[in-house]
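Residue numbers (our numbering): 728 to 1496.
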Ligand code: MOS
């Protein structure tokens, strides 16, 4: 059965009405006409106290009786064949309970320095570490390549001598699972023409009034989550495995462990009460997860296997680097005629270094053509990383767009307005952002400041996609004492999803968010989304609201005979259930709950398919940055960032702004500091720590203004769309454009460190002398 509802949809400042059919057992979607009490407001995290007092237990903190500590032995060589392993001395070492090789049989091929070879479980971490030093391994060392340009040469050492195929999986990198050719170390290209062939784009560019052609380079960035990867594995009995995991996908970890260990899914339980960041690198069980489970089975003891900071940098994921040749052209009036991107990059021994998302999805252009290739090198595999491919792609595209605007003598903001005219959300965002930032006061001339410290203003666009899953199930239990418990297996990656879930229930039931006990992070509860593609909120909140709606109907049924009205005549607010027409006919929530037959009831809400499509199925964001460049030292300081983003209907502005702040901070860090450095002579990472691998610190954080605009789609019962990833997409590009505006010269390579700034400044001094 279905019912029809009228919905106000669109940007909040320009709503229009649509008629929409929705299933019978779901509430009318929240839309632009709803004035809600909590949703869209600012609610502090329900677990803030637990976290700030240190009471919150992360996987890292889990301690079980009799627990063993496991450590990996990793290859010191970037390319080698393991011929022989002798573990006898290690096995005899004090406290050692088990030694297990990753591969059952030898020889084993090693493709990067840091690749796992075996693991030891011992009574203490110290003993495990010491035992590893007593393992004897015979390596046949092979030649390797760690430089992406060298790896492309015909005579380069081959990283793989077979065709590499990747299974589609949660957290895929752009192009990772595409079927494509492979030659030498090059896999690809993946070609995605939009509006024509390479020839068509070339013709459009040839007939352009102004063209920019430039090559941009981005570095490898590692995820640097505060909590490292790892698990504590415990067998309840021979057939039932329980694993505490620092993961962004409780169910994806469960499924992988079940598959690898040959267990039914329901025999594997994954628990993630709190976790300290994933950013895309924590979807799978990992070799560490599988090894911990096997060691625990072998020793019949719980096993803790948490990686250290060095292992984090080497082996569990990174943002691939890129070399992007971009050619873009526009006609005299400033309309884009062609965007052509030829991109290659390396995900080490992994695949998916694509960068074309921004080039294909932000601007209206007569023709767009993109070609992306992966280059294999002997380095740890890339992994999905907060908007995979997009900070890279935006760094190139948004600088090229800026360059073309200057060439056409147009304001970079006006140029963007013109070429995104069909995107209403963007137009609203430009307006708000420019005003808050003070763009109109900007001196159009780059490098105009006098003195050694020069200020610059720049901007850049972000794009991300609306992604959601279905089948998620939230259970809501109402007890006869009036308490309300919500449970679902979803993990909180750090964005605060538990708080959002409490808000949604409170909104629907007329209670307060603190009235709702939220239980998440355990696969024994209902199916929930992995936190990937910024889909957690869009995925789970409709299931939660649908559950609360069913609970509300049940409470109305119980209250109706007491109030002597029909259930349909009832409504609720502020802890009271009352008749719409006679508000004095009321009972408190608790009074009604006390009449629940038996002791409690529970209902199940499901995430069903979206009710309606909307176009484009993307979210828009724009960021403005002000920088100060010290032309004597080459240092860049970001003073201020104004960010305007959309994520459908905002749930909690406080957690949303927090996500945007985080995205910008990570973007600044990417723009100015972070860089994985591999030694060309040894193939080893030279900065696998947080001292020499620089990340932004508190003194590098500018004043940030984050604005979330309301866009109603009415597509689900909550209308939520995600924000986690888009917030970091345009930051490095906005900073690069601001640097150009400050000093009048382009930095086309990340990170934009003082040496590059000084070299660029020298190059223009050379020009004028
Ligand atoms: Mo994301 S990079 O899909 O966590």
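Quick reminder that beta carbons are idealized off the backbone N, C-alpha and C, glycines included.
Meets three-Cβ-pair contact criterion under 8 Å: the stretch 1204–1215 and the stretch 1335–1350: no
Segment contact, 8 Å Cβ cut-off, at least three pairs: the stretch 1077–1094 with the stretch 1186–1199: yes
Between 1321, 1320, 1319 and 1290, which has its C-alpha nearest residue 1307's C-alpha? As a position in the chain shown, residue 1307 is number 580, starting the count at 1. Considering only alpha carbons, the answer is 1290.
Going by C-alpha distance, which of 1470, 1118 and 1271 is nearest residue 1457? Residue 1457 sits at position 730 when you count from the first residue of the chain shown. Taking only the C-alpha atoms, the option nearest residue 1457 is 1118.
With C-beta atoms as the reference, is residue 755 less than 7 Å away from residue 738? Along the chain shown, one-based indexing puts residue 755 at 28. Along the chain shown, one-based indexing puts residue 738 at 11. No, the pair does not count as a contact, with Cβ atoms beyond the cut-off.
Report the rounded CA-to-CA distance for residue 941 versus residue 1467, giving the unit in angstroms. Numbered from its first residue, the chain shown carries residue 941 at position 214. Numbered from its first residue, the chain shown carries residue 1467 at position 740. Between residue 941 and residue 1467, the C-alpha separation is close to 15 Å.
Secondary structure at residue 1495, three-state DSSP: helix, strand or coil? Position 768 of the chain shown holds residue 1495. Since pLDDT at residue 1495 reaches only 47, below the 50 mark, its modelled position is unreliable, and the value read off the structure follows with that caveat. In this structure, residue 1495 counts as helix in the three-state DSSP scheme.
Are three or more beta carbon pairs between the stretch 804–814 and the stretch 858–874 nearer than 8 Å? yes
Helix, strand or coil, according to DSSP, for residue 941 in the structure here? For the purposes of this step, residue 941 is identified with residue 214 of the chain shown, where counting begins at 1. Three-state result, residue 941: strand.
Starting from the N-terminal side, write out each stretch of the alpha helix (DSSP H) that is 4 residues or longer and does not extend beyond the stretch 845–920. 852–859 and 875–878
Which partner residues does residue 799 have in the DSSP bridge list? The residue labelled residue 799 in the question sits at position 72 within the chain shown. Per DSSP, 846.
Per DSSP, what are the beta-bridge partners of residue 967 in this structure? For the purposes of this step, residue 967 is taken as residue 240 along the chain shown, with counting starting at 1. In DSSP, residue 967 forms a bridge with 964.
Report whether the distance from the Cβ of residue 1075 to the nearest heavy atom of the ligand MOS is below 6 Å. For the purposes of this step, residue 1075 is identified with residue 348 of the chain shown, where counting begins at 1. False, no ligand heavy atom lies under 6 Å from that Cβ.
Segments assigned beta strand (DSSP E), at least 3 residues, entirely inside the stretch 1406–1490: 1430–1436
Cα-Cα separation between residue 1495 and residue 1135, rounded to whole angstroms: Numbered from 1 along the chain shown, position 768 holds the residue referred to as residue 1495. Numbered from 1 along the chain shown, position 408 holds the residue referred to as residue 1135. Model confidence at residue 1495 stands at a pLDDT of 47, short of 50, so the residue's coordinates are unreliable; what they give is reported in the following sentence. Answer to the nearest angstrom: the Cα atoms are 23 Å apart.
Note down the Cα distance separating residue 764 from residue 1353, rounded to an integer number of angstroms. By 1-based counting over the chain shown, the position of residue 764 is 37. By 1-based counting over the chain shown, the position of residue 1353 is 626. Near 36 Å, if we compare the C-alpha coordinates of residue 1353 and residue 764.
Rounded separation between residue 1026 and residue 1013 - CA only: Here the question's residue 1026 lines up with position 299 in the chain shown. Here the question's residue 1013 lines up with position 286 in the chain shown. If I take the Cα positions, the gap works out to 20 Å.
Could you give the DSSP three-state label for residue 749: helix, strand or coil? Your numbering for residue 749 matches position 22 in the chain shown. Correct three-state label for residue 749: strand.
In this structure, does DSSP put residue 1117 in helix, strand or coil? Position 390 of the chain shown, counted from the start, is the residue given in the question as residue 1117. Correct three-state label for residue 1117: helix.
Nearest CA to the CA of residue 858: which residue from 813, 876, 1463 and 888? Position 131 of the chain shown, counted from the first residue, corresponds to residue 858. Nearest option by C-alpha distance: 813.
Of all the options 872, 1482 and 1355, which has the alpha carbon lying nearest to the alpha carbon of residue 721? Here the chain covers residues 728 to 1496 and nothing more, so residue 721 does not appear.
How many whole angstroms separate the CB atoms of residue 875 and residue 1050, which I take to be in contact at a CB cut-off of 8 Å? Residue numbering aside, residue 875 sits at position 148 when the chain shown is read from its first letter. Residue numbering aside, residue 1050 sits at position 323 when the chain shown is read from its first letter. Contact flag correct, Cβ pair sits at about 7 Å.
Could you please give me the residues that DSSP links to residue 1077 through a beta bridge? Here residue 1077 refers to the residue found at position 350 of the chain shown. According to DSSP, which records beta bridges pairwise, residue 1077 is partnered with 1074.
Taking one C-beta from the stretch 1061–1069 and one from the stretch 925–944 each time, how about it: are there three or more such pairs within less than 8 Å? yes
Alpha-carbon spacing of residue 1461 relative to residue 1365, whole angstroms: Along the chain shown, read from residue 1 onward, the residue named residue 1461 stands at position 734. Along the chain shown, read from residue 1 onward, the residue named residue 1365 stands at position 638. The alpha-carbon atoms of residue 1461 and residue 1365 are separated by roughly 10 Å.
Three-way DSSP call (helix, strand, coil) for residue 1090 in this model: Taking the first residue of the chain shown as 1, we reach residue 1090 at position 363. Coil, per DSSP.
Just mark residue 1261 as buried or exposed, buried being the case when its beta carbon has 16 or more other beta carbons within 10 Å. Taking the chain shown and counting its residues from 1, the one referred to as residue 1261 is at position 534. Label assigned to residue 1261: buried.
Quick check: is any heavy atom of the ligand MOS less than 6 Å from the C-beta of residue 1189? In the chain shown, the residue the question calls residue 1189 occupies position 462. No, the beta carbon of residue 1189 sits no closer than 6 Å to any heavy atom of the ligand MOS.
Within 10 angstroms of the Cβ of residue 1406, are there 16 or more other Cβ atoms? Answer buried if so, exposed if not. For the purposes of this step, residue 1406 is identified with residue 679 of the chain shown, where counting begins at 1. Classification of residue 1406: exposed, given that the 10 Å Cβ count is below 16.
Give the C-beta separation of residue 903 and residue 854 to the nearest angstrom, bearing in mind that I take them to be a contact with Cβ-Cβ under 8 Å. On the chain shown, position 176 is the one that residue 903 refers to. On the chain shown, position 127 is the one that residue 854 refers to. With a Cβ gap of about 39 Å, residue 903 and residue 854 do not count as contacting.
Residue(s) in a DSSP beta bridge with residue 1361: Here residue 1361 refers to the residue found at position 634 of the chain shown. In DSSP, residue 1361 forms no bridge with anything.
Relative to the alpha-carbon of residue 1429, which residue among 1363, 794 and 848 has its alpha-carbon at the smallest distance? Residue 1429 sits at position 702 when you count from the first residue of the chain shown. Out of 1363, 794 and 848, 1363 has the C-alpha closest to the C-alpha of residue 1429.
Best match in 1285, 1268 and 1078 for proximity to residue 1045 [C-alpha to C-alpha]: On the chain shown, residue 1045 is found 318 positions in, with the first residue counted as 1. For residue 1045, the nearest C-alpha among the options comes from 1078.
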